[in-house]
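One structure is given here, and the rest of the page talks about it.
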Amino acid sequence: MLELRSLDAGYGSFQALFGINLEVRAGEAVGVIGPNGAGKTTLMRVISGLIRPTEGSITMEGRDVVATPAHRIVDLGIAHVPENRRLFPRLTVDDNLKMGAYMPGARAKYAERLEFVFDLFPRMKERRSQMAGTMSGGEQQMCAIGRALMSDPKLLLLDEPSAGLAPVVVQQVFELVKRIRSGGLTVLIVEQNVQQVLKVVDRAYLLEAGTIRASGTSEEMMKTDTIKQAYLGV
Amino acid sequence: MNSRYTAWAVGLAALIALPFVYREPYHLHILVLILIWSFAYTSWSIMGRFGLVSLGHGGFMGVGAYVTALLWNHLDITPWIGIPLSMVAAGLLALVVAYPCFRFRITGHYFVLVTLALSGIVLQVITATRDYTGGSLGYTPNRAPSGRGLLALQFDDKTTWYLIALGVWVVGLLIWRWVDRSMSRYAMEAISEDEDAAAAAGVNVTAEKLKITLISALMTALAGALYCQYQMFISPDTVSGIAVSLQMVFAVIVGGLYVSLGPTIGAIITILLAEGLRIGFGTKAVGWDNLVYGVLLVVFIIFLPKGILGSVLDKLKAQPKKPKTT
Amino acid sequence: MQAFLDTFDIYLLEAVVNGILLGGVLALLALGLNLIFGVIDVTWICYAELVMIGMYGMYYMVQVFGLPYWVAAPIAILLVAALGAALHYIVIAPLLTAPPINQLLATGGVLFILQSFATVAFGIDFRNLGIRLPVLAIGDMHFSYSRLLAFVAALLGMLAIYFFMKRTFTGTAIRAVAQDRQIMSLMGVDTKRIYLITSALGGALAGLAACLLVLQYDVHPFVGLSFGPITFLICVLGGLGNFVGGFIAAFVFAQIISLGGLYSDLEWGYVLAFAFFIVMMFIRPAGLLARRS
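Protein chains in written order, with the working numbering: chain A, 44 to 277; chain B, 374 to 699; chain C, 1136 to 1428.
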């Protein structure tokens, strides 16, 4: 579904990603793990067009993502839940969700999608007229994921969904990811919480200093010595 | 470096000698206007170059011009005393507005708008006190009885005015240079880049900003007073208000904000442009000069934000050396 | 003595009501400017000059081409909306990443351009529509219908904008851009397009104000200077980009000007308003309604 080929990217003269090759197949959940500053967020931003690669290619179902204008990438079926959620804090939950359905294709299905999201997060229905910025971290994360789902994407990019949340809430968020997966959605998730994420995904890539150091199924990754020592603390 | 001083000295000598060999009154008149406005623009740029973009300078200029003229007409106070008094008035006005501004860290847009309100106040006060100032119809200082021109700072011959304006202009450039050279510039630059960092480095941000503002306001008031004494007619629209403030900003941007002669170049361009259009088109030219100003201003800000002189100097500097990477 | 007090009160009341009526139009202008500032983060110093061009548009359509007022008004609104979009496209868009001061000065250049364009194209004579609406007399107080009409139309215009912003996808996107412009592309929103729409909307509001002001005031190339500066002060005092704050500040300023004008000349009303602004900036720099942090 999504394919990255020898991708370089960075900010100005600073290069953050070096020759990334990565693939996400339809129906899969794939994790990207690695330490702070490894380039995980950059990777997500490159895929959704927030920054542009300096080298290499990205294709989504055979279509060239790099050549697509940033605001049209949603139309390819890619929805990005950014780092720190980035809700519109002084907009209501309803309005935040509305923004997720901005594309003409999604507007047509607006009512249907809204029902879908409210089914998934009944809490959001209760809070629909509340300002997004006044909700708890967990609720905000739900709203952010809900907003991304409003566009009826094929691929959901999740950037550190557990960051800044209480341990109990982290559990809930990963439960949610499982539920979203079971609906047939393809998920690419970036996480520092390696232990948790490996339980949710089928495969994972280890990203360190802007390059992919290892990849494999979750089981394989959990057995890898470096990961065990550095990230699982076993 | 020595050749540069020689060039300045030769240039200055030539400028001083000019009215003694060339006496065409109209051209001298234009030169006097250029010198006075150059001085006003230089005064503005002393602040403007550090990111303190003021639209209040129309106000300072208005205070300079009107206080001097009012003192002379109503209280018989000679401009020799009136001008310093008007400068003090403008300086006080600057302090009253600028001190709280800097104290409360009002910067950027907000600073621009506060100073804009200041010009507005001065303009409206001049208009409102029409019983004394003549309001929007303008105001003329009383003619001094013959033989007392020196006391009234009124001279009929252009050469005297030319030399006065030249002197003031040179002093303006020296002040610009002094500010440029003095430690406070580094402090100010630190301020305009990052106030917190500057404060942390031990720079008294408020005091530094205030000093520059005061110098700039005093100079602008002097420019207003000189303009009044030379033209013998002032109106709220020509020496105060937002339009005059914008005109200063415009000329400085066109000439070059970061070089000492930039404001002068700006004055030369704007005044020659206005005069050229006036001569070329006569009364039909009303409005055309401002139209061209406006277009130039927009074009310059988009394509040449360093101004004509700044860009030319950059080019010259860039040729032997590698251009700066920033 | 009693008689003196009676007349005094009536004039006061008349001034207060006229202040409220004036506040409506000022609020309309403040909304337009706030919209531009809140969304694009740019101050259009030349905003009142757009109104001036709209007033000339009305003058020419009604007086010269003989169109009825109600036909000319929508055309004038569209015309100024187009002008607003053009201003953004030609001047602001290339400067979006430039220092804010440069953007401010560039619109200052546009102020010069529009003013002098009007001087060159239309001359410096004062012109008016030649429409004189009747005066409404309540007791000894007199209110002109043109002011009442302006007030009502301004409120309707603001209401229309409110519903547009609340109900439509585009309106929601405009509010969203003001909060987080970087992630808008993730929503599939083309910020450039939103900026253009917002600029056109700001222009349309200036156009509406022009249609209303031209009923009350003569138009000349410098008419913008008489209410332009005050509009900025209102926006800043309300908190730049804060729609509600701008609305309230508009009525506060209108009262200051109206009451100041009652006790003295109109100029003193303005002086009072400017001074009030400067003092308020020191006390509440982030605007009247800002939460203290």
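The C-beta atom is built at its ideal place from N, Cα and C for all residues, glycine as well. Keep in mind it's a predicted model, so treat the numbers as computed, not measured.
Output the residue ranges of the alpha helix (DSSP H) runs that lie fully inside the stretch 1375-1406 of chain C and measure 4 residues or longer, sorted by chain position.
For the stretch 1375-1406 of chain C, whole alpha helix (DSSP H) runs of length 4 or above, ordered along the chain, are 1378-1398.
query = Using 8 Å as the limit for Cβ to Cβ distance, is isoleucine 1145 of chain C near chain B?
reply = Taking the first residue of the third sequence as 1, we reach residue 1145 of chain C at position 10. False, the Cβ-Cβ gap to chain B never drops below 8 Å.
Quiz item: For a contact meaning CB atoms closer than 8 Å, what does asparagine 1237 of chain C contact in chain B?
Solution: As a first step, residue 1237 of chain C must be located in the third sequence, where it is residue number 102. Listed along chain B, the residues sitting closer than 8 Å to asparagine 1237 of chain C by beta-carbon distance are Ile674, Pro678.
Query raised in the report: Any C-beta of chain A sitting closer than 8 Å to the C-beta of isoleucine 1318 of chain C?
Result: Residue 1318 of chain C sits at position 183 when you count from the first residue of the third sequence. Yes, its Cβ sits closer than 8 Å to a Cβ of chain A.
Looking at the secondary structure, which residues open and close the beta strand (DSSP E) in which leucine 231 of chain A lies?
Numbered from 1 along the first sequence, position 188 holds the residue referred to as residue 231 of chain A. From DSSP, the beta strand (DSSP E) with leucine 231 of chain A extends over 229-234.
CA nearest to the CA of phenylalanine 1362 of chain C, picked from C:Ser1251, C:Arg1267, C:Leu1164: As a first step, residue 1362 of chain C is located in the third sequence; it is residue number 227 there, counting from the start. If we check each option's Cα against that of phenylalanine 1362 of chain C, C:Leu1164 comes out closest.
What residue range is occupied by the uninterrupted beta strand (DSSP E) comprising arginine 256 of chain A? Within the first sequence, the letter at position 213 stands for residue 256 of chain A. Run containing arginine 256 of chain A: 254-260, per the beta strand (DSSP E) assignment.
Does the contact criterion of 3 or more C-beta pairs under 8 Å hold for the stretch 607-627 of chain B versus the stretch 485-493 of chain B?
Under the three-pair Cβ rule at 8 Å, the stretch 607-627 of chain B counts as touching the stretch 485-493 of chain B.
- Alpha carbon to alpha carbon, how far is leucine 1166 of chain C from glycine 649 of chain B? The sequence position of residue 1166 of chain C within the third sequence is 31, counting from 1. The sequence position of residue 649 of chain B within the second sequence is 276, counting from 1. Straight across, the Cα-Cα distance linking leucine 1166 of chain C with glycine 649 of chain B is about 41 Å.
Q.
What does the alpha-carbon distance come out to for the pair leucine 1239 of chain C and valine 1177 of chain C?
A. Working through the third sequence from its first residue, we reach residue 1239 of chain C at position 104. Working through the third sequence from its first residue, we reach residue 1177 of chain C at position 42. Whole-angstrom Cα-Cα distance: 7 Å.
Practice item. Return helix, strand or coil for valine 124 of chain A, following the three-state DSSP convention. Key: Position 81 of the first sequence, counted from the start, is the residue given in the question as residue 124 of chain A. Residue state, collapsed to three classes: strand.
Verify the CB distance criterion: does phenylalanine 131 of chain A have a CB-CB separation below 8 Å to chain C?
Translated into positions along the first sequence, residue 131 of chain A becomes position 88. At least one chain C Cβ lies under 8 Å of phenylalanine 131 of chain A.
Query - Length at least 4, wholly inside the stretch 1296-1320 of chain C: the alpha helix (DSSP H) runs in chain order - result: The qualifying runs are 1304-1314.
Q) Which residues, taken in chain order from the stretch 136-151 of chain A, show a beta carbon closer than 7 Å to some beta carbon of chain C? A) Cβ contacts with chain C come from Asp138, Lys141, Met142, Gly143, Tyr145, Met146, Arg150.
Taking its Cβ as the centre, do 16 or more other Cβ atoms sit within 10 Å of phenylalanine 412 of chain B, making it buried, or is it exposed?
Position 39 of the second sequence, counting from 1, holds the residue named residue 412 of chain B. Flag for phenylalanine 412 of chain B reads buried.
Exposure of glutamate 397 of chain B, with buried meaning 16 or more beta-carbon neighbours within 10 Å: Taking the second sequence and counting its residues from 1, the one referred to as residue 397 of chain B is at position 24. When all chains shown are included, glutamate 397 of chain B counts as exposed.
_Reduced DSSP category for isoleucine 1210 of chain C - H, G, I as helix; E, B as strand; rest coil_ = Taking the first residue of the third sequence as 1, we reach residue 1210 of chain C at position 75. Here DSSP, grouped into helix, strand and coil, assigns isoleucine 1210 of chain C to helix.
- Coarse secondary structure for valine 581 of chain B, derived from DSSP in three states: Sequence index remark: in the second sequence, residue 581 of chain B carries index 208 (1-based). Note on identity: in this sequence residue 581 of chain B is glutamate, with valine being the wrong assignment. In the three-state reduction of the DSSP assignment, glutamate 581 of chain B falls in the helix class, which pools H, G and I.
TODO: Look at the alpha carbon of phenylalanine 1257 of chain C and the alpha carbon of valine 1354 of chain C, and state the distance between them as a whole number of angstroms.
DONE: As a first step, residue 1257 of chain C is located in the third sequence; it is residue number 122 there, counting from the start. As a first step, residue 1354 of chain C is located in the third sequence; it is residue number 219 there, counting from the start. About 10 Å.
*Below 8 Å between beta carbons: does that hold for glycine 1244 of chain C and phenylalanine 623 of chain B?*
Here residue 1244 of chain C refers to the residue found at position 109 of the third sequence. Here residue 623 of chain B refers to the residue found at position 250 of the second sequence. Contact flag set, yes.
Looking at the C-beta of leucine 1230 of chain C, does it have a partner C-beta in chain B at a distance below 8 Å? Residue numbering aside, residue 1230 of chain C sits at position 95 when the third sequence is read from its first letter. At least one CB atom of chain B sits nearer than 8 Å to the CB of leucine 1230 of chain C.
Report task. For the stretch 641-670 of chain B, enumerate the residues whose C-beta is nearer than 7 Å to any C-beta of chain C, in chain order. Result -> If the cut-off is 7 Å between Cβ atoms, the stretch 641-670 of chain B has Val659, Gly660, Trp661, Asn663, Leu664, Tyr666, Gly667, Val668, Leu670 near chain C.
Endpoints, beta strand (DSSP E) assigned at glutamate 104 of chain A: As a working note, residue 104 of chain A is residue 61 in the first sequence. Annotation: glutamate 104 of chain A is outside any beta strand (DSSP E) and is labelled neither H nor E by DSSP.
**Asked** Would the beta-carbon of glutamate 1402 of chain C fall within 8 Å of that of alanine 442 of chain B?
**Response** For the purposes of this step, residue 1402 of chain C is taken as residue 267 along the third sequence, with counting starting at 1. For the purposes of this step, residue 442 of chain B is taken as residue 69 along the second sequence, with counting starting at 1. Their beta carbons are not under 8 Å apart, which means glutamate 1402 of chain C does not touch alanine 442 of chain B by this criterion.
Suppose contacts are defined by Cβ-Cβ distances below 8 Å. Is glycine 1373 of chain C in contact with alanine 1389 of chain C by that definition?
For the purposes of this step, residue 1373 of chain C is taken as residue 238 along the third sequence, with counting starting at 1. For the purposes of this step, residue 1389 of chain C is taken as residue 254 along the third sequence, with counting starting at 1. Note that the C-beta distance between glycine 1373 of chain C and alanine 1389 of chain C is not below 8 Å.
Q. Valine 75 of chain A bridges to which residues according to DSSP?
A. Position 32 of the first sequence, counted from the first residue, corresponds to residue 75 of chain A. Assignment of beta-bridge partners to valine 75 of chain A by DSSP yields A:Val233, A:Tyr248.
As assigned by DSSP and simplified to three states, the class of threonine 135 of chain A | Working through the first sequence from its first residue, we reach residue 135 of chain A at position 92. Strand.
- prompt: Using a C-beta cutoff of 8 Å, does proline 125 of chain A count as contacting chain C?
  reply: Taking the first sequence and counting its residues from 1, the one referred to as residue 125 of chain A is at position 82. Taking Cβ atoms only, chain C reaches closer than 8 Å to proline 125 of chain A, which makes this a yes.
- Task: Can you give me, in chain order, the residues of the stretch 1253-1274 of chain C that have a beta carbon less than 9 Å from any beta carbon in chain B?
- Result: Answer in chain order: Ala1253, Thr1254, Val1255, Ala1256, Gly1258, Ile1259.
Assuming tyrosine 145 of chain A and phenylalanine 1304 of chain C form a contact by the criterion Cβ under 8 Å, report the distance between their Cβ atoms to the nearest whole angstrom. By 1-based counting over the first sequence, the position of residue 145 of chain A is 102. By 1-based counting over the third sequence, the position of residue 1304 of chain C is 169. Right, their Cβ atoms sit about 6 Å apart.
| query | Between A:Pro204, A:Gly99, A:Pro196, A:Lys152, which lies nearest to valine 220 of chain A when the distance is taken from Cα to Cα? | reply | Start at 1 with the first residue of the first sequence, and residue 220 of chain A comes out as number 177. The candidate whose alpha carbon is nearest that of valine 220 of chain A is A:Pro204.
For threonine 1307 of chain C and chain A, any beta-carbon pair shorter than 8 Å? Within the third sequence, residue 1307 of chain C is the residue found at index 172, counting from 1. Yes, its Cβ sits closer than 8 Å to a Cβ of chain A.
| query | Taking the C-alpha atoms as reference points, what is the distance between glycine 628 of chain B and leucine 1249 of chain C? | reply | As a first step, residue 628 of chain B is located in the second sequence; it is residue number 255 there, counting from the start. As a first step, residue 1249 of chain C is located in the third sequence; it is residue number 114 there, counting from the start. Using only the alpha carbons, I get a separation of about 22 Å.
Review point. If you drop the 5 nearest sequence neighbours on each side, which residues of the same chain put their C-beta closer than 6 Å to that of glutamate 1149 of chain C?
Key: Here residue 1149 of chain C is taken as the residue at index 14 of the third sequence, counted from 1. If we look at glutamate 1149 of chain C and ignore the five residues flanking it on each side, its Cβ neighbours are Met1276.
_Just to confirm the assignment, what range does the alpha helix (DSSP H) spanning leucine 634 of chain B have?_
Position 261 of the second sequence, counted from the start, is the residue given in the question as residue 634 of chain B. That residue, leucine 634 of chain B, is in no alpha helix (DSSP H); it is neither H nor E in DSSP.
| field | CB of proline 1356 of chain C within 8 Å of CB of threonine 1254 of chain C, strictly | value | If you number the third sequence from 1, residue 1356 of chain C lands on position 221. If you number the third sequence from 1, residue 1254 of chain C lands on position 119. Less than 8 Å separates the beta-carbon of proline 1356 of chain C from that of threonine 1254 of chain C.
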